[in-house]
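Here is the structure we will look at, set down as structure tokens.
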Amino acid sequence: MYLKLKLLTAFWAFSMFSYSQSAIKISVDGGKRLQALDGIGVNINTWSWKNGELKPAIDLLVDSMQAKIFRVIVETPKEWEDVNDNDDPFVYNHKYYDSLYTTPKFLNAWKTMAYLNEKGITDNLMINLMGYLPEWMGWETIATDKEDEFVEMLVSFLLYAKYVQHLQFGLAAPFNEPDIKNEGPRLDEYRYVAMMRKIVTRAKQSGMNDIRFVGPDAAYMKNNVAHYIPELMKDSLVMSAISRFGVHSYSGYYAHVDSLIKHSPFPEMKFWVTEWNAWRDGLDDGIKTNYNYDFAAQCMGYLMDFLKNGAAGALVWEGYDSYYDHHAPSPFSYWGILEYDKENKIYIPRKHFFAIAQVSRYITPGSWQIALTSSDTTVKALAFFNPATNDPVITGINPYEKPVQVEISLDNLPAVNSGHLVFTDSVNDLRMQKKYHPDKKGKFKITVPANCIYTFIMGSGAAGSPAASLRP
Numbered sequence: 031m032y033l034k035l036k037l038l039t040a041f042w043a044f045s046m047f048s049y050s051q052s053a054i055k056i057s058v059d060g061g062k063r064l065q066a067l068d069g070i071g072v073n074i075n076t077w078s079w080k081n082g083e084l085k086p087a088i089d090l091l092v093d094s095m096q097a098k099i100f101r102v103i104v105e106t107p108k109e110w111e112d113v114n115d116n117d118d119p120f121v122y123n124h125k126y127y128d129s130l131y132t133t134p135k136f137l138n139a140w141k142t143m144a145y146l147n148e149k150g151i152t153d154n155l156m157i158n159l160m161g162y163l164p165e166w167m168g169w170e171t172i173a174t175d176k177e178d179e180f181v182e183m184l185v186s187f188l189l190y191a192k193y194v195q196h197l198q199f200g201l202a203a204p205f206n207e208p209d210i211k212n213e214g215p216r217l218d219e220y221r222y223v224a225m226m227r228k229i230v231t232r233a234k235q236s237g238m239n240d241i242r243f244v245g246p247d248a249a250y251m252k253n254n255v256a257h258y259i260p261e262l263m264k265d266s267l268v269m270s271a272i273s274r275f276g277v278h279s280y281s282g283y284y285a286h287v288d289s290l291i292k293h294s295p296f297p298e299m300k301f302w303v304t305e306w307n308a309w310r311d312g313l314d315d316g317i318k319t320n321y322n323y324d325f326a327a328q329c330m331g332y333l334m335d336f337l338k339n340g341a342a343g344a345l346v347w348e349g350y351d352s353y354y355d356h357h358a359p360s361p362f363s364y365w366g367i368l369e370y371d372k373e374n375k376i377y378i379p380r381k382h383f384f385a386i387a388q389v390s391r392y393i394t395p396g397s398w399q400i401a402l403t404s405s406d407t408t409v410k411a412l413a414f415f416n417p418a419t420n421d422p423v424i425t426g427i428n429p430y431e432k433p434v435q436v437e438i439s440l441d442n443l444p445a446v447n448s449g450h451l452v453f454t455d456s457v458n459d460l461r462m463q464k465k466y467h468p469d470k471k472g473k474f475k476i477t478v479p480a481n482c483i484y485t486f487i488m489g490s491g492a493a494g495s496p497a498a499s500l501r502p
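Those letters in the sequence shown? Residues 31 to 502, by the working numbering.
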């Protein structure tokens, strides 16, 4: 048995080595367009503002990683409307709210969003409430006789952000993971839609017709598909205010979100994965993990699955290490693609940061995913086309222990005369290789390094960005 196992292992290793040495043929067809990409984004926690200490982290996410969508977390458990503003949920006690929204908790939120606005993040700034409610309002869920009070609390926050703080934001996600405990008020799909109807109505009555909503953000992708999204689609008022469906996944694409939408009365609706990463136990509980290339590659493999299956955007959980009241007694959350050095109060990119930048830097919002076929699906690859620049881009993951030769054919695309390969592996971060040129038949023949995440940027002129700009 041992000898047989040893021979099988040797054969597998030899097969992988020999196959990785033969050319992989990739064919890209620009005539077959799939979904348009809205962008790659991050979840960030306003608790971490700390008198501007957060600015360098936001700079890294916006300028270096070029994240385009920000889900801005404002927690609800403590120091929210702990005492009811008045006995009438349809009359705002502005004096009460003016006092509440100038406390440190909310100043952190306003200043974080204001800085994002300075960085150009406006329409794709999404406000998200997270955690339990004040006890009098229901705590783990919304008490049936306090639904309008919850709506008043939420809409008062949006009004204050918009008209008092003069913040620019286009999106709101009122609930977080309503299908599980602790992450937000528990609501089944029927109460979720009923609450969304009240929120949409109240927002419009308050003059905020331009705010669009994202949801349902259930923890399990399958619950979105089986319960929450179908129920949402039954309510025309709520659907008129929905910008994107939001789903979460820490284990890849495992429920047919795209198929559900395409075979529904709303086939043009897009969906985002508003929380995604590769699951690791302990990170919510103050326990760090090994933030190595394997972790980053698994996370990126999931991202590619989401995009392949129709996602128009994906937001990694999360931008940086931070503290969450609703995870107490956990001392800290260590999901960040930026590590927080508590002693020196600085943010340091982890391998995830560079891995995700392989997509977020080079596949810009408005790019179309286009058809790609490959002779070896083990080496994952997706193709995109940027109509603003007329340039195609291929991104993927090489899991082999050896470099692979890739031959790329381009059909139904503008002529390109050069390309750059950028890759991230266990040693290198966003490293740019030499420039490639197509052969006489217009095909590119490139070498993709072993065990790496790669992006091949093509263009009619010099492709890609200068190497010096690749590092944060």
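Cβ atoms here follow ideal geometry from the backbone N, Cα and C, with glycine treated the same way.
Pull up the DSSP beta-bridge partners for residue i, would you.
| i | result |
| --- | --- |
| Tyr350 | Leu368 |
| Thr485 | Thr425 and Val452 |
| Met462 | Val452 |
| Arg63 | Ile400 |
| Asn75 | Ile103 |
| Arg227 | Partner(s): none; Arg227 has no beta bridge. |
| Met156 | Arg101 and Leu201 |
| Arg242 | Leu201 |
| Tyr377 | Tyr370 |
What residues in its chain sit with their C-beta under 6 angstroms from that of residue i, if we drop five residues either side in the sequence?
| i | result |
| --- | --- |
| Asp115 | Asn123 and Tyr126 |
| Thr142 | Thr76 and Trp79 |
| Lys149 | Val92 |
| Trp140 | Gln195 |
| Gln399 | Leu64, Gln65 and Phe414 |
| Lys55 | Ser405 and Glu437 |
| Pro468 | Phe474 |
| Ile272 | Phe243 |
Determine the burial state of residue i: buried for a count of at least 16 other Cβ atoms within 10 Å of its Cβ, exposed for fewer.
| i | result |
| --- | --- |
| Pro1 | In the structure as shown, the chain begins at 31 and stops at 502. Residue 1 is therefore absent and cannot be evaluated. |
| Ala445 | exposed |
| Val121 | exposed |
| Asp240 | exposed |
| Lys470 | exposed |
| Gln235 | exposed |
| Tyr32 | Residue placement at Tyr32 is poorly supported in this model, since its pLDDT is 40, which falls under 50; the coordinates are not used for a value here. |
| Lys98 | buried |
| Gly71 | buried |
| Pro496 | Any reading at Pro496 must be qualified, since the residue scores a pLDDT of 37, below 50, and its modelled position is unreliable; no value is offered. |
| Tyr220 | exposed |
| Tyr484 | buried |
| Trp166 | exposed |
| Thr319 | exposed |
| Val113 | exposed |
| Trp309 | exposed |
| Thr152 | exposed |
Under a three-way DSSP split, which group does residue i fall into?
| i | result |
| --- | --- |
| Asn416 | strand |
| Val113 | coil |
| Asp324 | helix |
| Glu179 | helix |
| Leu468 | The question names Leu, but residue 468 is Pro in the sequence shown. Three-state result, Pro468: coil. |
| Met31 | In this predicted model, Met31 has a pLDDT of only 43, less than 50, meaning its place in the structure is not dependable; the value taken from the coordinates is given anyway. If DSSP states are grouped into helix, strand and coil, Met31 belongs with coil. |
| Arg501 | Low confidence applies to Arg501: its pLDDT is 42, below 50, so where it sits in the model is not reliable, and the reading given next is rough at best. Looking at Arg501 - three-state DSSP - the assignment turns out to be coil, as it is neither helix nor strand. |
| Asn253 | helix |
| His293 | coil |
| Asn446 | For the record, residue 446 in the displayed sequence is Val; it is not Asn. In this structure, Val446 counts as coil in the three-state DSSP scheme. |
| Ile386 | helix |
| Asn138 | helix |
| Asn147 | helix |
| Phe187 | helix |
| Ser236 | coil |
| Ile438 | strand |
| Ile259 | helix |
| Ala411 | strand |
| Arg274 | strand |
| Ile70 | strand |
| Val478 | strand |
| Ser129 | helix |
| Val268 | helix |
| Ser363 | strand |
May I ask you to check if the CB of residue i is nearer than 7 angstroms to at least one heavy atom of the ligand ZN?
| i | result |
| --- | --- |
| Met225 | Although the ligand ZN was asked about, the structure shown includes no ligands whatsoever. |
Could you pull out every residue in the same chain whose Cβ sits closer than 7 angstroms to the Cβ of residue i, ignoring the five residues on either side in sequence?
| i | result |
| --- | --- |
| Thr408 | Pro429 |
| Val268 | Val223, Met226, Arg227, Val230 and Leu262 |
| Ile210 | Ala249 |
| His257 | Glu219 |
| Asp265 | Val223 and Arg227 |
| Val434 | Ser50, Ile54, Val409, Asn428 and Val478 |
Which same chain residues, not among the five before or five after residue i, have their C-beta less than 8 angstroms away from its C-beta?
| i | result |
| --- | --- |
| Gly316 | Ser360, Pro361, Phe362, Ser363 and Tyr364 |
| Trp306 | His278, Ser279, Tyr280, Cys329, Tyr332, Leu333, Phe336, Ala344, Leu345, Val346 and Trp347 |
Please report whether the beta-carbon of residue i lies at a distance below 8 angstroms from any beta-carbon of chain D.
| i | result |
| --- | --- |
| Ser279 | Within the model displayed, chain D is absent; a lone protein chain is all it includes. |
Q) In chain order, which beta strand (DSSP E) runs of at least 3 residues are fully inside the region 297 to 345? A) 301 to 306
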